[in-house]
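Down below is the structure, laid out as C-alpha cells.
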Amino acid sequence: MQNYPNATLLDHPIIRHKITHLRDKRTHCGQFREMVKEIAMLEGYEALRHAPIVTKHIETPICETDQPLVDQKKLCFVPILRAGMGMSDGLAQLLPEAHFGHIGLYRDEITKQPHEYYCKLPGNLSELDVYLVDPMLATGGSAIDAVKMLRAHGAKKISFLCIIAAPEGVKAFCETNPDVPLYMCALDDKLNENAYIVPGLGDAGDRIFGTMK
Ligand code: PRP
Ligand code: URA
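By our numbering, the letter at position 105 of the sequence shown is numbered 197, and the numbering carries on one by one without gaps.
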C-alpha cells in the first residue's frame with residue numbers, strides 16, 4: 093500500500109475467488125470455516141516468507157545432505173477470539189509445532205470499542221516471532237488493543253494477518269503500529285454506520301460459528 097509501507101495487500105485470483113465465497117451470504121458455516129482456513133494458509137505462505145530456518149542433516153536415497161526446516165519453535169500464532177480461531181486452524185495445519193496464544197476481545201455493540209475478556213500467551217513471547225490473526229480489520233480497535241497486549245507481554249516481533257480490511261482500520265492500525273507488518277487479502281470500500289465493513293462478509297464470528305440472530 094502506497095501510504096503505509098508496513099501494509100501488504102495479497103492480490104491473487106485464488107484468494108479473491110475464495111473471498112467471494114466468504115462474502116456470499118448463502119455460504120453456510122461449514123464451508124465458510126473451511127474457506128477461512130484455506131485463505132489463512134495461503135496468507136501464511138506469504139507472511140512467513142522470512143520465517144526462521146534450522147538446518148537438518150538427512151540422508152536421501154542418494155547421499156547425505158544438510159537441508160532447511162522452518163524453526164517452528166520460534167513461531168507463535170495468536171488468534172483474536174472468536175473469529176481469529178478460523179485462521180489459526182489453518183496456520184496450525186501448516187506449522188503444527190508452533191506455539192499458540194489466545195486473546196479474547198469483543199466489540200461493544202453500541203460504542204464499537206473492544207473489551208478484553210481473555211489473554212493466555214506463552215511465557216517466552218519476547219523470543220518468538222508473533223503472528224496475530226483476525227479475519228476482520230474494521231475500525232482497527234481490536235487489532236490495536238491486541239498488539240498492545242502482546243507488547244505488554246514482551247512481544248518484540250509482531251505481524252498482523254487479516255482477511256478483509258477497511259481503509260479506516262488500515263489507517264488507524266498503520267499509524268499506531270508502523271513497525272508491525274500488516275497483511276490483508278482484500279481492501280474494501282468503507283465502514284457503514286454500524287462500523288461493519290462494506291461490502292465485507294457480515295460478522296465473521298457469527299459466520300464461522302453459525303450464531304447469526
Ligand atoms: C470482530 C472481528 C474483530 C473485530 C474487528 O470481532 O473478528 O475482532 O470485530 O472490529 P474492529 O476493527 O472495529 O475492532 P467481534 O468483536 O465481533 O467478536 P467475535 O469474534 O467474538 O464475534
Ligand atoms: N467485525 C466483523 O466481524 N465484521 C465487520 O464487518 C466488522 C467488524
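Idealized CB from N, CA, C, for every residue including glycine.
- Counting along the chain, the unbroken beta strand (DSSP E) around Gly196 starts and ends at His194 to Arg199.
- Where Glu260 is concerned, the enclosing alpha helix (DSSP H) starts and stops at Pro259 to Thr268.
- If you compare the alpha carbons of Gly215, Thr157 and Gly294 with that of Asn286, the shortest gap goes to Gly294.
- Distances taken from the Cβ of Ala132 to the heavy atoms of the ligand PRP include none shorter than 7 Å.
- For the pair Lys148 and Phe169, the Cα-to-Cα distance works out to about 24 Å.
- DSSP places Glu189 outside both helix and strand once states are collapsed to three, so it counts as coil.
- Its Cα nearest to that of Leu186, the residue Leu161 stands out among Leu161, Arg299 and Ala278.
- Taking every protein chain shown into account, the CB of His120 has fewer than 16 other CB atoms within 10 angstroms, so this residue is exposed.
- In the DSSP annotation of this structure, the continuous segment of the alpha helix (DSSP H) that includes Ala139 starts and ends at Cys121 to Ala139.
- By the Cβ rule, the region 261-271 does not count as touching the region 290-304, because fewer than three pairs are nearer than 8 Å.
- With a 10 Å radius around the Cβ and a threshold of 16 neighbouring Cβ atoms, Cys155 comes out exposed.
- Closer than 7 Å to some heavy atom of the ligand URA: that does not describe the Cβ of Met127.
- Annotation for Thr203: no beta strand (DSSP E) segment contains it, and DSSP assigns it neither H nor E.
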